[in-house]
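Everything in the sequence shown is counted per this note's numbering, starting at 1 for the first residue and increasing by one. Have a look at the structure below, then the notes.
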Amino acid sequence: MDFIDFHCDTLYKSATMNLSLDDTIMEVTQSENLKSRWLQCYAVWIPDDYTFEMAEDLFFKSVKKLNDECKRLNIRLIKKNENVSSVFKNNINTALITVENSKVIGNDLKNIEILSGLSVKIVTLTWNGSNQIGDGALVTDARGLTDFGRLAVLKMEKNGIVIDISHSSDKLFYDVAQIASRPFIATHSDSRSVVNNKRNLTDEQFKIIVEKKGIVGINFHNEFISQNSMKSTKYDIFNHIEKFLSLGGENAICIGSDFDGCTLPCDMPKKIYISDLYELFLKQNYNESLVRKIFYENALNFFENFDNSRIM
1 MDFIDFHCDT LYKSATMNLS LDDTIMEVTQ SENLKSRWLQ CYAVWIPDDY
51 TFEMAEDLFF KSVKKLNDEC KRLNIRLIKK NENVSSVFKN NINTALITVE
101 NSKVIGNDLK NIEILSGLSV KIVTLTWNGS NQIGDGALVT DARGLTDFGR
151 LAVLKMEKNG IVIDISHSSD KLFYDVAQIA SRPFIATHSD SRSVVNNKRN
201 LTDEQFKIIV EKKGIVGINF HNEFISQNSM KSTKYDIFNH IEKFLSLGGE
251 NAICIGSDFD GCTLPCDMPK KIYISDLYEL FLKQNYNESL VRKIFYENAL
301 NFFENFDNSR IM
């Protein structure tokens, strides 16, 4: 069972608590004797109340931590301009570095070049609050992109960084959809039709991402997947995938677990239980070719589409 996960907060735990990536406290741990390929996107989460200086310090600390841990644990960290599909297919355990909350960019577009140079592949524009790019999903009377935010989105695309609208306000989403010239994504978001939460995507938003050849990673957070969050299970994850499939999402659904950054379903406490989710889909009479798409093939196709849309 090959697997690509677009989002976890394990690196934040590792960097701020000085823990190894294979510490047993983590929900994403390094499995022994891996028999299938696994690519994990490790997010550098920047809390909304951080100053630019604090965000910058955490970012560089996290990058160093991930590089050191990848060397120690024999994880293949994908570098700038490398072909994601090729690296994934030729390595058992791979990693990508991402940023959650573009506060780390500050007010200087040159910092985007620094992120790109350090192999950051995806940037989540906001967390739940406001930054210099725009407003997050929980901001009252939220704005769309600021003037600086519009410049930053175009600069990130030019530098090969994928725009992630998970956590964005609705206005921010539509501004990105209007100006984006390359495919963009929601790394860890679910269906608002299934669970009415501002962090989830409307049907229209999901369809726009599909039209733009983007992808959506299914988030496992209990409040996003179930109306009865304290009794959420992996079956609730299935409901969101069903909804997105009904909207034409066969080639756009991926996994964005939010491990180590959310409250998980009671029967999905760690990454090692991912295989149970795979088996659930098969038991629900999903064709295995579709399950492979959800678990890794759609992700690989997205990266190919994104790279082929390169701005000259």
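Glycine included, each C-beta is placed from N, C-alpha and C at the ideal position.
Inter-residue Cα distance where the pair is residue 39 and residue 93
The residue given as residue 39 occupies position 39 in the sequence shown. The residue given as residue 93 occupies position 93 in the sequence shown. Each residue's alpha carbon lies about 6 Å from the other.
How close, in whole Å, do the beta carbons of residue 137 and residue 98 come, if the pair is a contact with beta carbons under 8 Å?
What you label residue 137 is simply residue 137 of the sequence shown in a count that begins at 1. What you label residue 98 is simply residue 98 of the sequence shown in a count that begins at 1. With 8 Å as the limit, residue 137 and residue 98 do not qualify as a contact, their Cβ atoms being about 18 Å apart.
For residue 100, list the residues DSSP reports as bridge partners.
The count along the sequence shown starts at 1 and reaches residue 100 at position 100. DSSP, once it has assigned bridges, lists 45 and 124 as partnering residue 100.
Taking DSSP as the reference, what is the three-state secondary structure of residue 19?
Stepping through the sequence shown from its first residue, residue 19 is reached at position 19. Under the three-state reduction of DSSP, residue 19 is assigned to coil, being neither helix nor strand.
Residue 115 to residue 161 span [Cα, whole Å]
Taking the sequence shown and counting its residues from 1, one reaches residue 115 at position 115. Taking the sequence shown and counting its residues from 1, one reaches residue 161 at position 161. Straight-line Cα distance between these residues: approximately 9 Å.
At the level of alpha carbons, what is the spacing between residue 20 and residue 89?
Position 20 of the sequence shown, counted from the start, is the residue given in the question as residue 20. Position 89 of the sequence shown, counted from the start, is the residue given in the question as residue 89. Our two residues, residue 20 and residue 89, have alpha carbons roughly 26 Å apart in a direct line.
Could you tell me the alpha carbon to alpha carbon distance between residue 142 and residue 225, rounded to whole angstroms?
As a position in the sequence shown, residue 142 is number 142, starting the count at 1. As a position in the sequence shown, residue 225 is number 225, starting the count at 1. Rounded to the nearest angstrom, the two C-alpha atoms are 24 Å apart.
Less than 8 Å between the beta carbons of residue 129 and residue 139, yes or no?
Numbered from its first residue, the sequence shown carries residue 129 at position 129. Numbered from its first residue, the sequence shown carries residue 139 at position 139. Inclusion of residue 129 and residue 139 in the CB contact set at 8 Å is warranted, their separation being smaller than that value.
In the DSSP assignment, find the alpha helix (DSSP H) that holds residue 149 and state where it starts and stops.
In the sequence shown, the residue the question calls residue 149 occupies position 149. For residue 149, the enclosing alpha helix (DSSP H) covers residues 147-158.
Assumed close pair residue 373, residue 241 - CB separation to whole angstroms, cut-off 8 Å:
Given that the chain is displayed from residue 1 to residue 312, the structure contains no residue 373 and the question cannot be resolved.
So residue 265 and residue 289 are in contact, right, with Cβ under 8 Å, and what is the actual spacing, rounded?
Position 265 of the sequence shown, counted from the start, is the residue given in the question as residue 265. Position 289 of the sequence shown, counted from the start, is the residue given in the question as residue 289. Contact between residue 265 and residue 289 fails: their C-beta atoms lie close to 26 Å from each other, not under 8 Å.
May I have the straight-line CA-CA distance separating residue 112 from residue 120, to the nearest angstrom?
Indexing the sequence shown from 1 puts residue 112 at position 112. Indexing the sequence shown from 1 puts residue 120 at position 120. A direct Cα-Cα distance of roughly 9 Å separates residue 112 from residue 120.
With a threshold of 8 Å on Cβ separation, who are the neighbours of residue 202 within its own chain once the five nearest residues in sequence on each side are excluded?
Residue mapping note: residue 202 aligns to position 202 of the sequence shown, counting from 1. Correct list, in chain order: 170, 192 and 193.
In the DSSP assignment, find the unbroken beta strand (DSSP E) run with residue 167 in it and report its ends.
Your numbering for residue 167 matches position 167 in the sequence shown. Counting along the chain, no beta strand (DSSP E) covers residue 167, and no H or E run does either.
Counterpart residues of residue 37 in DSSP-defined beta bridges
Against the sequence shown, residue 37 aligns to sequence position 37. None; residue 37 has no bridge partner.
If I'm right that residue 206 touches residue 247 with Cβ under 8 Å, what's the distance once you round it to whole angstroms?
The sequence position of residue 206 within the sequence shown is 206, counting from 1. The sequence position of residue 247 within the sequence shown is 247, counting from 1. About 6 Å separates the two Cβ atoms, so the contact holds.
For residue 270, I'd like the list of residues in its chain whose CB is within less than 6 Å of its CB, leaving aside the five on either flank, ordered along the chain.
Counting from one through the sequence shown, the residue named residue 270 turns up at place 270. Beyond the five residues adjoining it in sequence on each side, residue 270 comes within less than 6 Å, by CB distance, of 27 in the same chain, given in chain order.
Determine the closest residue to residue 217 out of 196, 172, 298 and 263, with distance taken between C-alpha atoms.
The residue labelled residue 217 in the question sits at position 217 within the sequence shown. Residue 217 has its Cα closest to that of 298, out of 196, 172, 298 and 263.
Count the other CB atoms within 10 Å of the CB of residue 117; is the residue buried (16 or more) or exposed (fewer)?
Taking the first residue of the sequence shown as 1, we reach residue 117 at position 117. Burial call: exposed.
Span of the beta strand (DSSP E) around residue 7
Taking the sequence shown and counting its residues from 1, the one referred to as residue 7 is at position 7. Per DSSP, residue 7 belongs to the beta strand (DSSP E) from 3-8.
Cα-Cα, which of 71, 211, 272 and 52 is closest to residue 108?
For the purposes of this step, residue 108 is taken as the residue at position 108 of the sequence shown. Measuring from the Cα of residue 108, the nearest candidate turns out to be 52.
Under the three-state reduction of DSSP, which class applies to residue 76: helix, strand or coil?
Residue mapping note: residue 76 aligns to position 76 of the sequence shown, counting from 1. In the structure shown, the three-state DSSP call for residue 76 is strand.
Taking DSSP as the reference, what is the three-state secondary structure of residue 28?
Along the sequence shown, read from residue 1 onward, the residue named residue 28 stands at position 28. It is coil, neither helix nor strand.
Between residue 104 and residue 144, what straight-line distance do the alpha-carbon atoms span, to the nearest angstrom?
What you label residue 104 is simply residue 104 of the sequence shown in a count that begins at 1. What you label residue 144 is simply residue 144 of the sequence shown in a count that begins at 1. The alpha-carbon atoms of residue 104 and residue 144 are separated by roughly 19 Å.
For residue 259, name the three-state secondary structure that DSSP assigns.
Within the sequence shown, residue 259 is the residue found at index 259, counting from 1. The answer is strand: DSSP assigns residue 259 an E or B state.
For residue 132, which residues in the same chain have their Cβ closer than 6 Å to its Cβ, ignoring the five residues on either side in sequence?
Working through the sequence shown from its first residue, we reach residue 132 at position 132. Once the five neighbours on either side are set aside, the close Cβ partners of residue 132 are 107 and 148.
Can you tell me whether residue 70 is helix, strand or coil according to DSSP?
For this step, residue 70 is matched to residue 70 along the sequence shown. Note: residue 70 maps to helix in three-state DSSP.
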